[in-house]
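**Student:** In terms of this note's numbering, the sequence shown opens at residue 211 and continues consecutively. Where is the CB? At the ideal position from N, CA and C, for every residue including glycine. For clarity, every value in this text was computed on a predicted model and none was experimentally measured.
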Amino acid sequence: MAFVVAVAQRKGGAGKSTVAATLATTLARTGSRVALLDSDPQQSLARWQQQRLGQDLAAPLHFEAVSGWRMPAALDRLRGAHDMLVIDTPPHADSDARIAIRSADLVLVPLQPSSADLWAMDATLEMAAAEKRAVRLLLNRVPATGKLRDEITAELGRRELPLLGVALGNRTAFATAFAQGLGVAEAAPRGTAATEARALAQAVLDAARG
211 MAFVVAVAQR KGGAGKSTVA ATLATTLART GSRVALLDSD PQQSLARWQQ QRLGQDLAAP
271 LHFEAVSGWR MPAALDRLRG AHDMLVIDTP PHADSDARIA IRSADLVLVP LQPSSADLWA
331 MDATLEMAAA EKRAVRLLLN RVPATGKLRD EITAELGRRE LPLLGVALGN RTAFATAFAQ
391 GLGVAEAAPR GTAATEARAL AQAVLDAARG
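Listed below in structure tokens is the structure:
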């Protein structure tokens, strides 16, 4: 049965869609049978998927755009034929996000090293706690220099929140790959961004294995 990861963050602009695509494509590159589901009304991943069609570099990946109330049935249908299911959830839409979180084995919460992202994630954490779902926080778009990452990391530690030991840097390679309908591990597998993506995928696989 598939392990289900919901990528969720109440704040828009945290990079959820890119994280979901990065995770799904990197897992697919390892040989895992992966399905990527887009439940965000903005449908960024649906447009990404259109760019992906016919790409020689694209790893095999099942994609569906699924509205929130149809999510449980879609997951039930896909679980048996896949190893990993990755869901991109909508910001602000509590009902649809809650359905995805309720269906997940793990809630992955991307946050940029900023106070705004830190404050906004509390609603997502409360939702995951109410549904009794495991959570991991992922620092995303981390700048190469500056003290803010250390300050945010220290605050997460003070609150004893489950921060992943890996992070995704603020690298143009992620955006460039996304614009091509690819993940960074497909478009530039030897780059630093791809190394970070593989570390993220391994961390999720470790969580799936308990």
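Terminal residues of the continuous beta strand (DSSP E) containing Leu267?
**Tutor:** Along the sequence shown, one-based indexing puts residue 267 at 57. No beta strand (DSSP E) contains Leu267, which DSSP labels as neither H nor E.
**Student:** Pull up the DSSP beta-bridge partners for Val320, would you.
**Tutor:** The residue you call residue 320 lines up with position 110 of the sequence shown. At residue 320 the sequence reads Pro, which differs from the Val that was named. Leu348, per the DSSP bridge assignment.
**Student:** Among Leu246, Arg308, Leu392, which residue has its Cα nearest to the Cα of Glu341?
**Tutor:** Within the sequence shown, numbered from 1, the residue matching residue 341 stands at position 131. Comparing Cα-Cα distances from Glu341 to each of Leu246, Arg308, Leu392, the minimum goes to Arg308.
**Student:** Can you tell me where the alpha helix (DSSP H) holding Asp293 begins and where it ends?
**Tutor:** Working through the sequence shown from its first residue, we reach residue 293 at position 83. No alpha helix (DSSP H) contains Asp293, which DSSP labels as neither H nor E.
**Student:** Once you ignore the five residues that flank Met211 on each side, which residues in its own chain have a CB closer than 8 Å to its CB?
**Tutor:** Here residue 211 corresponds to residue number 1 of the sequence shown, with the count starting at 1. These residues qualify, in order along the chain: Arg289, Gly290.
**Student:** Report all residues from its chain with a CB closer than 7 Å to the CB of Ala275; omit the five preceding and five following residues, and keep chain order.
**Tutor:** Mapped onto the sequence shown, residue 275 falls at position 65. Closer than 7 Å at the Cβ level, and outside the excluded window around Ala275, lie Asp248, Gln253, Ala256.
**Student:** Does the contact criterion of 3 or more C-beta pairs under 8 Å hold for the stretch 276-285 versus the stretch 315-335?
**Tutor:** no
**Student:** Just to confirm before moving on: does the CB-CB distance between Pro320 and Gln219 stay below 8 Å?
**Tutor:** Taking the sequence shown and counting its residues from 1, one reaches residue 320 at position 110. Taking the sequence shown and counting its residues from 1, one reaches residue 219 at position 9. Against a cut-off of 8 Å, the Cβ pair of Gln219 and Pro320 comes out as a contact.
**Student:** Can you tell me which of the three DSSP states Gly278 falls into?
**Tutor:** Here residue 278 is taken as the residue at index 68 of the sequence shown, counted from 1. Reduced to three states, the DSSP call for Gly278 is helix.
**Student:** On the DSSP letters alone, give me the boundaries of the beta strand (DSSP E) that Gly375 sits inside.
**Tutor:** For the purposes of this step, residue 375 is taken as the residue at position 165 of the sequence shown. Looking at the DSSP string, the run of the beta strand (DSSP E) that includes Gly375 is 373-379.
**Student:** For Ala234 and Gln390, what's the separation of their Cα atoms in angstroms?
**Tutor:** Within the sequence shown, residue 234 is the residue found at index 24, counting from 1. Within the sequence shown, residue 390 is the residue found at index 180, counting from 1. One C-alpha to the other measures close to 15 Å.
**Student:** State yes or no: is the C-beta of Ser271 within less than 8 Å of the C-beta of Leu295?
**Tutor:** Along the sequence shown, read from residue 1 onward, the residue named residue 271 stands at position 61. Along the sequence shown, read from residue 1 onward, the residue named residue 295 stands at position 85. The sequence shown places Leu at residue 271, rather than the Ser named in the question. No; because the gap between Cβ atoms is not below 8 Å, this pair is not in contact.
**Student:** Let me confirm a value: Ser305 is counted as buried when at least 16 other C-beta atoms fall within 10 Å, else exposed. Which label applies?
**Tutor:** Within the sequence shown, residue 305 is the residue found at index 95, counting from 1. Ser305 should be labelled exposed.
**Student:** Since Ala371 and Leu348 should fall inside the 8 Å C-beta cutoff, what is the C-beta to C-beta distance between them, to a whole number of angstroms?
**Tutor:** In the sequence shown, counting from the first residue as 1, residue 371 sits at position 161. In the sequence shown, counting from the first residue as 1, residue 348 sits at position 138. Reading the sequence as shown, one finds Leu at residue 371 and not Ala. About 12 Å separates the two Cβ atoms, so there is no contact after all.
**Student:** Decide if Thr382 is buried, meaning its Cβ has at least 16 other Cβ atoms within 10 Å, or exposed.
**Tutor:** By one-based count along the sequence shown, residue 382 stands at place 172. Label assigned to Thr382: exposed.
**Student:** According to the neighbour-count rule (16 or more other Cβ atoms, all chains shown, within 10 Å of its Cβ), is Gly367 buried or exposed?
**Tutor:** Indexing the sequence shown from 1 puts residue 367 at position 157. Looking at its Cβ environment, which holds fewer than 16 other Cβ atoms inside 10 Å, Gly367 is exposed.
**Student:** With DSSP as the reference, label Asp248 as helix, strand or coil.
**Tutor:** Walking along the sequence shown from the start, residue 248 turns up at place 38. Three-state DSSP puts Asp248 in a strand.
**Student:** Counting Cβ pairs closer than 8 Å, one from the stretch 393-400 and one from the stretch 223-238, do we hit at least three?
**Tutor:** Contact between the stretch 393-400 and the stretch 223-238 is present: three or more C-beta pairs spanning the two stretches fall below 8 Å.
**Student:** How long is the line joining the alpha carbons of Arg312 and Val414, rounded to whole angstroms?
**Tutor:** Taking the first residue of the sequence shown as 1, we reach residue 312 at position 102. Taking the first residue of the sequence shown as 1, we reach residue 414 at position 204. Roughly 18 Å between the two C-alpha positions.
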